[in-house]
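Engineer: 35 is the number that the numbering used here gives to position 31 of the sequence shown; each next residue is one higher, with no gaps.
Submitted below is the structure of interest, expressed as structure tokens.
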Amino acid sequence: MTVTVDFQPAFDGDTPDEAAFQRWAEAALATVEEDCELSIRLVDEDESAELNSQYRGKTGPTNVLSFPFDSDIALEPTLLGDLVICVPIVEKEAQQQDKIAEHHWAHMVIHGCLHLLGYDHIEDDEAEEMETLEIQILHKMNITNPYELQGEQQA
């Protein structure tokens, strides 16, 4: 299985390199059997807020938006969809939550990729399943549980 990432850095910030995004996407999508493709677009707060409002009806920017590709047409490679990651929000969250920035970036990419695969966290049982998968994938990369804060589970 090959994962192709269309990397679109539309924001000049201190972000991990393209190879890191590729690694994280491959880790998140390791269970996908067929070749697949996704785009990862890095944006500023204005673009994130605009997309968040337009597609989710929510005010303000957010860390990651996932836009799964849904079509009855079989494409090769399988087009999974698009991730839009807000650079300033991810940077602020890492700092505020006292996380290693690169680890938080990895978490955001994995979280977004799981959304592209159909996972969600609206209901508690869905959230638990998705978080468990995120933790397992991150653990394989020697990244600690992102839901723990100073040794305790976050609320």
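Using N, Cα and C, we set each Cβ at its ideal position, and we do this for glycine too.
Just so it is clear, the structure is predicted and the values come from calculations on it, not from any experiment.
1. Which runs of the beta strand (DSSP E) fall wholly inside the stretch 44-125 and span at least 3 residues, in chain order?
2. My parser needs the alpha helix (DSSP H) runs of 4 or more residues fully inside the stretch 12-47; what are they?
3. Residues bridged to Asp-128 by DSSP?
4. If you run the structure through DSSP and keep just helix, strand and coil, what is Thr-6?
5. I need the straight-line Cα distance from Pro-81 to Gln-100, nearest angstrom please.
6. Of the choices His-108, Asp-102, Leu-42, whose alpha-carbon is the least far from that of Asp-74?
7. With distance defined between alpha-carbon atoms, name the residue in Leu-121, Ile-44, Val-68, Asp-102 nearest to Asp-86.
8. For Glu-37, which residues in the same chain have their Cβ closer than 7 Å to its Cβ, ignoring the five residues on either side in sequence?
9. When you compare only the Cα positions, how much space is there between Val-94 and Asp-76?
10. Give me, in chain order, the residues of the same chain whose beta-carbon lies closer than 8 Å to that of His-125; leave out the 5 immediate sequence neighbours on both sides.
Structural biologist: Judging by the given coordinates:
1. Runs found: 68-72, 82-90.
2. Complete alpha helix (DSSP H) runs here, min 4: 22-32.
3. Beta bridge pairing from DSSP links Asp-128 with no other residue.
4. Coil at Thr-6, not helix or strand.
5. Spanning the alpha carbons of Pro-81 and Gln-100 requires a straight line of approximately 38 Å.
6. Here the closest residue by C-alpha is Leu-42.
7. For Asp-86, the nearest C-alpha among the options comes from Ile-44.
8. The beta carbon of Glu-37 sits closer than 7 Å to those of Met-5, all from its chain and outside the five residues before and after it, given in chain order.
9. Those two C-alpha atoms are separated by around 34 Å.
10. Contacts found: Ala-131, Met-134, Glu-135.
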